[in-house]
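A.B. asks: Chains as they are written, first to last, in my numbering: chain L, 1 to 115; chain W, 1 to 112.
Where a beta carbon is used, it is the ideal one built from N, C-alpha and C, also for glycine.
My questions will all concern the structure given below.
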Amino acid sequence: KNQVEQSPQSLIILEGKNCTLQCNYTVSPFSNLRWYKQDTGRGPVSLTIMTFSENTKSNGRYTATLDADTKQSSLHITASQLSDSASYICVVRTPISGGYNKLIFGAGTRLAVHP
Amino acid sequence: NAGVTQTPKFQVLKTGQSMTLQCAQDMNHNSMYWYRQDPGMGLRLIYYSASEGTTDKGEVPNGYNVSRLNKREFSLRLESAAPSQTSVYFCASSEGRTGELFFGEGSRLTVL
Numbered sequence: 001k002n003q004v005e006q007s008p009q010s011l012i013i014l015e016g017k018n019c020t021l022q023c024n025y026t027v028s029p030f031s032n033l034r035w036y037k038q039d040t041g042r043g044p045v046s047l048t049i050m051t052f053s054e055n056t057k058s059n060g061r062y063t064a065t066l067d068a069d070t071k072q073s074s075l076h077i078t079a080s081q082l083s084d085s086a087s088y089i090c091v092v093r094t095p096i097s098g099g100y101n102k103l104i105f106g107a108g109t110r111l112a113v114h115p
Numbered sequence: 001n002a003g004v005t006q007t008p009k010f011q012v013l014k015t016g017q018s019m020t021l022q023c024a025q026d027m028n029h030n031s032m033y034w035y036r037q038d039p040g041m042g043l044r045l046i047y048y049s050a051s052e053g054t055t056d057k058g059e060v061p062n063g064y065n066v067s068r069l070n071k072r073e074f075s076l077r078l079e080s081a082a083p084s085q086t087s088v089y090f091c092a093s094s095e096g097r098t099g100e101l102f103f104g105e106g107s108r109l110t111v112l
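In structure tokens form, the structure reads like this:
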């Protein structure tokens with residue numbers, strides 16, 4: 001069964017500290033993996049996309065990794081800021097019949113950054 | 001840059017009432033989607049429209065109908081609301097190549 005599991009469910013860190021969020025998937029075949037950030041009361045916004053051939057990609061203080069062999073991805077946040085408080089959602093894209101694609105969503109990790 | 005606009009942002013209904021959630025995008029995307037988001041669960045696809053004139057069921061279509069009015073607009077209708085439909089609803093559109101979703105701000109619906 002195609003699934004995306006994220007851990008931890010929630011996380012509290014102090015401002016300025018680093019943290020790493022995990023995403024494990026059993027989705028096959030694989031097209032790409034995307035991390036979204038969802039601020040409270042807002043819609044998700046894409047942070048980064050990882051394709052099969054990419055191991056690491058950075059977007060400012062956010063660094064995503066992908067290990068396609070073990071089907072794991074991580075999102076590392078460096079020097080956290082209060083504005084990083086949000087839910088982070090991992091989404092895996094898989095091709096299906098007819099040339100279409102299906103998106104499999106993780107339940108998200110809720111991050112709270114405290115001063 | 002409006003992106004994806006949904007209305008209303010909040011709505012309270014009584015069981016059995018009907019309502020329509022409106023969504024419009026100005027990015028010229030072909031594909032549009034309706035999702036619901038419930039606590040502790042990932043976003044679940046209700047209906048999607050791969051292009052103007054087509055609509056298809058997602059994972060949780062029961063109790064909902066959709067209309068792709070034109071390329072810009074995609075509406076979601078609840079004909080007879082039930083408490084189980086209390087949720088936050090998100091409309092999204094996507095560009096085809098990488099499948100990045102662009103979401104609206106969400107519509108919080110409570111059914112009493």
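Whole angstroms are fine: how far does the CA of glutamine 9 of chain L sit from the CA of glutamate 73 of chain W?
C.D. replies: As a working mapping, residue 73 of chain W is identified with position 73 in the second sequence. As a working mapping, residue 9 of chain L is identified with position 9 in the first sequence. Taking the straight line joining both Cα atoms gives about 35 Å.
A.B. asks: Leaving out five residues before and five after lysine 102 of chain L in sequence, what residues of the same chain have Cβ atoms less than 6 Å from its Cβ?
C.D. replies: Looking up residue 102 of chain L in the first sequence gives position 102. Closer than 6 Å at Cβ, skipping near neighbours: Thr94, Ile96.
A.B. asks: Just how far apart, CA to CA, sit glutamine 72 of chain L and threonine 26 of chain L?
C.D. replies: Residue numbering aside, residue 72 of chain L sits at position 72 when the first sequence is read from its first letter. Residue numbering aside, residue 26 of chain L sits at position 26 when the first sequence is read from its first letter. Taking the straight line from one Cα to the other gives about 9 Å.
A.B. asks: Mind checking whether tyrosine 64 of chain W and leucine 45 of chain W have CB atoms under 7 Å apart?
C.D. replies: Along the second sequence, read from residue 1 onward, the residue named residue 64 of chain W stands at position 64. Along the second sequence, read from residue 1 onward, the residue named residue 45 of chain W stands at position 45. It is not a contact, given that the beta carbons lie outside the stated cut-off.
A.B. asks: By the 10 Å Cβ neighbour count, where 16 or more other Cβ atoms means buried, how is arginine 97 of chain W classified, buried or exposed?
C.D. replies: For the purposes of this step, residue 97 of chain W is taken as the residue at position 97 of the second sequence. Exposed: under 16 other Cβ atoms inside 10 Å.
A.B. asks: From leucine 13 of chain W to proline 83 of chain W, what does the alpha carbon distance come to, in whole angstroms?
C.D. replies: As a first step, residue 13 of chain W must be located in the second sequence, where it is residue number 13. As a first step, residue 83 of chain W must be located in the second sequence, where it is residue number 83. Approximately 9 Å between the Cα atoms of the pair.
A.B. asks: Can you find a C-beta in chain L that's less than 7 Å from the C-beta of leucine 43 of chain W?
C.D. replies: Counted from its first residue, the second sequence places residue 43 of chain W at position 43. Closer than 7 Å to some Cβ of chain L, the Cβ of leucine 43 of chain W qualifies, so yes.
A.B. asks: For isoleucine 12 of chain L versus cysteine 19 of chain L, is the C-beta spacing smaller than 7 Å?
C.D. replies: Numbered from its first residue, the first sequence carries residue 12 of chain L at position 12. Numbered from its first residue, the first sequence carries residue 19 of chain L at position 19. No; because the gap between Cβ atoms is not below 7 Å, this pair is not in contact.
A.B. asks: Compare the C-beta of threonine 54 of chain W against all C-beta atoms of chain L and say whether one is closer than 7 Å.
C.D. replies: By 1-based counting over the second sequence, the position of residue 54 of chain W is 54. Taking Cβ atoms only, chain L never reaches closer than 7 Å to threonine 54 of chain W, which makes this a no.
A.B. asks: Which value, in whole angstroms, describes the spacing of the CA atoms of leucine 66 of chain L and threonine 56 of chain L?
C.D. replies: Working through the first sequence from its first residue, we reach residue 66 of chain L at position 66. Working through the first sequence from its first residue, we reach residue 56 of chain L at position 56. Between leucine 66 of chain L and threonine 56 of chain L, the C-alpha separation is close to 6 Å.
A.B. asks: Does alanine 112 of chain L have its Cβ less than 7 Å from a Cβ in chain W?
C.D. replies: As a first step, residue 112 of chain L must be located in the first sequence, where it is residue number 112. So, not an interface residue.
A.B. asks: Step through the CB atoms of chain L and report whether any lies within less than 7 Å of the CB of threonine 98 of chain W.
C.D. replies: Indexing the second sequence from 1 puts residue 98 of chain W at position 98. So yes, threonine 98 of chain W belongs to the interface.
A.B. asks: Give the interface partners of isoleucine 96 of chain L over in chain W, defined as CB-CB distance under 8 Å, in chain order.
C.D. replies: Translated into the one-based positions of the first sequence, residue 96 of chain L becomes position 96. Chain W residues near isoleucine 96 of chain L: none, gap ~11 Å exceeds 8 Å.
A.B. asks: Quick one: list the residues of chain L neighbouring phenylalanine 10 of chain W, beta-carbon separation under 8 Å, in chain order.
C.D. replies: Counting from one through the second sequence, the residue named residue 10 of chain W turns up at place 10. Per Cβ cutoff of 8 Å: no residues; phenylalanine 10 of chain W is ~11 Å from chain L at best.
A.B. asks: List the endpoints of the continuous beta strand (DSSP E) containing glutamate 5 of chain L.
C.D. replies: Indexing the first sequence from 1 puts residue 5 of chain L at position 5. Its beta strand (DSSP E) spans residues 4-7.
A.B. asks: Going along chain L in order, which residues have a C-beta closer than 9 Å to the C-beta of alanine 24 of chain W?
C.D. replies: In the second sequence, counting from the first residue as 1, residue 24 of chain W sits at position 24. Those within 9 Å of alanine 24 of chain W in chain L number zero; the least Cβ separation is about 14 Å.
A.B. asks: What did DSSP end up calling serine 75 of chain W once you bin it into helix, strand or coil?
C.D. replies: Here residue 75 of chain W refers to the residue found at position 75 of the second sequence. Three-state result, serine 75 of chain W: strand.
A.B. asks: Taking C-beta to C-beta, are arginine 90 of chain W and tyrosine 35 of chain W nearer than 7 Å?
C.D. replies: Locating residue 90 of chain W in the second sequence gives position 90, where the first residue counts as 1. Locating residue 35 of chain W in the second sequence gives position 35, where the first residue counts as 1. Before going further, note that residue 90 of chain W is phenylalanine rather than arginine in the sequence given. In contact: phenylalanine 90 of chain W and tyrosine 35 of chain W (Cβ atoms closer than 7 Å).
A.B. asks: Just mark threonine 54 of chain W as buried or exposed, buried being the case when its beta carbon has 16 or more other beta carbons within 10 Å.
C.D. replies: In the second sequence, the residue the question calls residue 54 of chain W occupies position 54. It counts as exposed.
A.B. asks: Mind checking if glycine 104 of chain W is an interface residue toward chain L, Cβ cutoff 7 Å exclusive?
C.D. replies: Position 104 of the second sequence, counted from the start, is the residue given in the question as residue 104 of chain W. True, the Cβ-Cβ gap to chain L drops below 7 Å.
A.B. asks: With a cut-off of 7 Å, does the C-beta of phenylalanine 90 of chain W fall near any C-beta of chain L?
C.D. replies: As a first step, residue 90 of chain W is located in the second sequence; it is residue number 90 there, counting from the start. By this cut-off, phenylalanine 90 of chain W is an interface position.
A.B. asks: Between glutamine 22 of chain W and the rest of its own chain, which residues show a CB-CB distance below 6 Å, the 5 nearest in sequence each way excluded?
C.D. replies: Mapped onto the second sequence, residue 22 of chain W falls at position 22. Contacts found: Thr7, Ser75.
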